[in-house]
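Visitor: Take this structure, written in structure tokens, and hold onto it; I'll ask about it next.
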Amino acid sequence: MRRSSDEHAAAVNRLERLLHHSGGIYFGADLDQQLAISSPSAARRSQALITLRFSCAPWAFAFIREGLQRYPIEQTRFSEPLPGDSWWHHPKAPHVLEPGSSDSSHPYPVELDLPPWTVAADVDLRSWLFAFGGGIRIESPEALRQELVQRSREAMDANGLLHAGQSTEPEQLSGNRRFFSSRLRRD
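To convert a position in the sequence shown, counted from 1, into my numbering, add 522.
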């Protein structure tokens, strides 16, 4: 049995909305969640999304705020600048969150409203987010923060002192610890 052209068009529109609001091609396995995220109703969609909130060190925020195409802009919120910041931002970037204290190591909050399957298990989200290492501090959801802590412990265990006599001082790959400092300046 074939679908009518109207049914086909509706299914294609649903898939396009699902792709857009998911930020990738992983859609989880829950059809009800998929239908909520792909709904033309913004209210129904917003009820199904989960907010990922994390704060960034200046160098990490410089990269994150430039990556406006990773997740839908309408599901993304960035920190406003701290007093004295002079960094450039895209005019469409939603810089609406109150920044943390200027003496904080991670003063720049970011919020992403994501489908539950993305927060629960998306490999691309984890590869991107966890690659910032200590440059981010996950505030919620707690399960994702705990996952980052566990993965960090496993990496430390795997890369700890493997040989007797190995130095406990980390080797510098660059003479400048703030390798990306030019990406974010305070005048």
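For every residue, glycine included, the Cβ atom is placed at its ideal position computed from N, Cα and C.
#1: For L634 versus H612, is the C-beta spacing smaller than 9 Å?
#2: With a Cβ-Cβ cutoff of 9 Å, do H754 and R599 count as a contact?
#3: Do V618 and E602 have their CB atoms nearer than 9 Å?
#4: Can you tell me where the beta strand (DSSP E) holding S577 begins and where it ends?
#5: Within this structure, are the beta carbons of Y548 and W650 separated by less than 9 Å?
#6: Can you name, in chain order, every residue of its own chain whose Cβ lies under 7 Å from the Cβ of S526, other than the five neighbours on each side?
#7: With distances taken between CB atoms, is the gap from P663 to Q555 smaller than 9 Å?
#8: DSSP on P631, reduced to helix/strand/coil?
#9: Tell me the start and end of each unbroken alpha helix (DSSP H) in the stretch 541 to 619 that is at least 4 residues and wholly inside, in chain order.
Guide: Once the coordinates are examined:
#1: Position 112 of the sequence shown, counted from the start, is the residue given in the question as residue 634. Position 90 of the sequence shown, counted from the start, is the residue given in the question as residue 612. Taking C-beta atoms as the reference points, L634 and H612 fail to come closer than 9 Å.
#2: Given that the chain is displayed from residue 523 to residue 709, the structure contains no residue 754 and the question cannot be resolved.
#3: Sequence index remark: in the sequence shown, residue 618 carries index 96 (1-based). Sequence index remark: in the sequence shown, residue 602 carries index 80 (1-based). Taking 9 Å as the Cβ cut-off, V618 and E602 qualify as a contacting pair.
#4: Residue 577 sits at position 55 when you count from the first residue of the sequence shown. Looking at the DSSP string, the run of the beta strand (DSSP E) that includes S577 is 572 to 578.
#5: To locate residue 548, count along the sequence shown from 1; it is residue 26. To locate residue 650, count along the sequence shown from 1; it is residue 128. Judged by their CB atoms, Y548 and W650 are not nearer to each other than the 9 Å cut-off.
#6: Your numbering for residue 526 matches position 4 in the sequence shown. Cβ-Cβ distances below 7 Å link S526 to nothing in the same chain once the five nearest sequence neighbours on each side are left out.
#7: Against the sequence shown, residue 663 aligns to sequence position 141. Against the sequence shown, residue 555 aligns to sequence position 33. Taking 9 Å as the Cβ cut-off, P663 and Q555 do not qualify as a contacting pair.
#8: The count along the sequence shown starts at 1 and reaches residue 631 at position 109. Of the three classes helix, strand and coil, the one that applies to P631 here is strand, per DSSP.
#9: The stretch 541 to 619 contains these whole alpha helix (DSSP H) runs: 553 to 559, 564 to 570, 580 to 586.
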